[in-house]
């Protein structure tokens, strides 16, 4: 085990996540611009990890976020309840009636099919979560009085506004002070950074956060864009990750950030929106480089949330004290199963994940 975890019986939570939770509106088999009905889900990169750890892996999870106290906010809260994630750390913001001051985020997402890729249309400007500032959350209460074994956040939330980057930095510093293991998913999204300084700002923010991270998650594009790492052989249209490239990335990253105790990434090659090659690679100081089972030409129902489910499976393995080789199998299996069902969040069970991680098949079970 590359790091020490706080004893489970001395803390309230196995994992706490920080991030925005949006209402996802899914047009099903239609397109956003032609749909007449939408299925509603909840979702958000950092939240999906906490939900997966509770709903699939039965860990005690909580989300730190902010919502406007109106019908949409309470609908999102109800979804979070259904996922079993503790809502007591949500900061509620007064509704001004029309959302002039603050609002709840919406995410219209098409699943894609065949040659038509998945498409996301976010409507999340001036949201309650994006307006959180340093001092709004009592992190001493979260990590000191309540306590958590693990804390997870990421680059999506850090990019939401000028203030959220500071909130992330405040949170990871507090978590480390209290002996909580910290993971971070770089999750580079050019559209989020574009209006607040672009790639230069992304690197400034993420390089300030990186020294406080124990487990870093991201692919080569994430590491080059967010951390400014120069890795030979990486192009701007990266669609898959070679193991030797990942190894070079690890060597470069850990030289600059020796605090990284583990690093993980998915390996995805997109044949079409409906078929991907899928796998994962990870590294730890104890065990070095490991690779999961590779699943070529895997059928995809809804790819959104696959990476988040990989992260929650990886974290589950590390929380259980498993070696990185087993943890990466849990992550890859959970991500694969999550993409067989609609919505951002996983509908898999722990037993299904463990069976698939051990090489199980899709045969009917009666």
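In UniProt numbering, the protein residues as written are 1 to 366. Ideal Cβ positions, reconstructed from N, Cα and C, are used throughout, including at glycine.
How many whole angstroms separate the CB atoms of residue i and residue j, which I take to be in contact at a CB cut-off of 8 Å?
i, j, result
"residue 348", "residue 337", "4 Å"
"residue 377", "residue 27", "An answer regarding residue 377 cannot be provided, because it is not within the stretch 1 to 366 covered by the chain."
"residue 305", "residue 73", "Not really, about 21 Å apart at Cβ, beyond 8 Å."
"residue 287", "residue 323", "5 Å"
"residue 212", "residue 172", "4 Å"
"residue 67", "residue 90", "6 Å"
"residue 312", "residue 49", "5 Å"
"residue 289", "residue 247", "6 Å"
"residue 64", "residue 16", "6 Å"
With distances taken Cα to Cα, identify the nearest neighbour of residue i among the options.
i, options, result
"residue 132", "185, 303, 319 and 157", "157"
"residue 299", "113, 352 and 77", "113"
"residue 20", "142, 30 and 123", "123"
"residue 34", "12, 52, 108 and 55", "108"
"residue 215", "302, 165, 352 and 152", "152"
"residue 272", "45, 70, 117 and 62", "117"
"residue 196", "222, 164 and 184", "164"
"residue 145", "175, 192 and 125", "175"
"residue 340", "315, 289, 354 and 309", "309"
"residue 160", "169, 87 and 130", "130"
"residue 8", "59, 253, 51 and 32", "59"
"residue 350", "333, 342 and 359", "333"
"residue 303", "243, 45, 83 and 162", "45"
Starting from residue i, trace the alpha helix (DSSP H) both ways and give me its first and last residue.
i, result
"residue 15", "Not the alpha helix (DSSP H): residue 15 falls in the beta strand (DSSP E), residues 13-18."
"residue 249", "243-256"
"residue 3", "Taken as a continuous stretch (DSSP letters only), residue 3 belongs to no alpha helix (DSSP H), as it is neither H nor E."
"residue 221", "220-227"
"residue 209", "198-209"
"residue 260", "Unbroken run through residue 260: none, as it is neither H nor E."
"residue 78", "71-82"
"residue 192", "190-193"
"residue 48", "45-55"
"residue 157", "155-158"
State the start and end residues of the unbroken beta strand (DSSP E) segment that holds residue i.
i, result
"residue 288", "288-291"
"residue 296", "295-299"
"residue 63", "61-64"
"residue 168", "Here residue 168 belongs to no beta strand (DSSP E); instead the alpha helix (DSSP H) covers 162-177."
"residue 217", "215-217"
"residue 24", "22-26"
"residue 115", "That residue, residue 115, is in no beta strand (DSSP E); it is neither H nor E in DSSP."
"residue 106", "106-110"
"residue 93", "91-93"
Using 8 Å as the threshold, is the segment 4-18 in touch with the segment 174-181, meaning 3 or more CB pairs across them?
yes
How do the segment 271-283 and the segment 13-30 stand: do at least 3 beta-carbon pairs fall below 8 Å, yes or no?
no
Does the count of Cβ pairs from the segment 78-86 and the segment 101-108 closer than 8 Å reach three?
no
Count the C-beta pairs between the segment 200-207 and the segment 218-233 that are closer than 8 Å, then say yes if the count reaches three, no if not.
yes
Ignoring anything shorter than 3 residues, give me the beta strand (DSSP E) runs that lie fully in the segment 272-351, in order along the chain.
If we require 3 residues or more, the beta strand (DSSP E) runs fully inside the segment 272-351 come out as 275-284, 288-291 and 295-299.
Complete runs of the beta strand (DSSP E) confined to the segment 118-152 [at least 3 residues]:
119-123
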